[in-house]
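Take a look at the structure below.
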Amino acid sequence: MLHILTKKENIQALYCNELPINTTHDVLLLTQESVYAGILDHKDHALILSFKQCYLLQEDVEARGVKSLIDDKIQLVNYDFFVSLTQDHSPIMTW
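Sequential numbering from 1 applies to the sequence shown in UniProt numbering.
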């Protein structure tokens, strides 16, 4: 399953196990304001690193001016890769 997170509140919901996400099998794509969790010293950073497959949308990272702060362990992806993720994973949930 592909989970697309757009808001920082949704990352907090992960802490509380409010979202049905499996860190081993599911794919996490952070977009919009949720990309801040990719910053090394962000309070939610350790949580997203627990996912086997976690990506940040590069365009949203660049739009927020935080590219140089993003942990190099997290892959930045463009819109073409985003489309590939949607083709490869089903179902897709946007939170």
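All C-beta atoms in this analysis are idealised placements derived from N, C-alpha and C, irrespective of residue type, glycine included.
Cβ shell of residue i (< 7 Å), same chain only, five flanking positions each side left out
| i | result |
| --- | --- |
| THR86 | LEU2 and ILE92 |
| LYS67 | VAL61 |
| LYS73 | LEU49 |
Straight-line Cα distance separating residue j from residue i
| i | j | result |
| --- | --- | --- |
| VAL61 | TYR36 | 8 Å |
| PHE82 | LEU57 | 8 Å |
| CYS16 | LEU49 | 16 Å |
Residues that DSSP places opposite residue i in a beta bridge
| i | result |
| --- | --- |
| MET93 | HIS3 |
| TYR55 | LEU29 and GLN75 |
For residue i, the three-state DSSP class (helix, strand or coil)
| i | result |
| --- | --- |
| ILE70 | strand |
| LEU40 | coil |
| LEU28 | strand |
| THR23 | coil |
| ASN10 | helix |
| SER50 | coil |
Beta-carbon proximity list for residue i, same chain, < 8 Å, skipping 5 on both sides
| i | result |
| --- | --- |
| SER34 | LEU5, THR6, LYS7, LYS8, ASN10 and ILE11 |
| HIS45 | ALA37, GLY38, ILE39 and ASP71 |
Nonlocal neighbours in the same chain, by C-beta distance under 6 Å from residue i, ignoring five residues either side
| i | result |
| --- | --- |
| VAL27 | LEU2, GLN53 and HIS89 |
| ILE21 | HIS3 |
| ARG64 | none |
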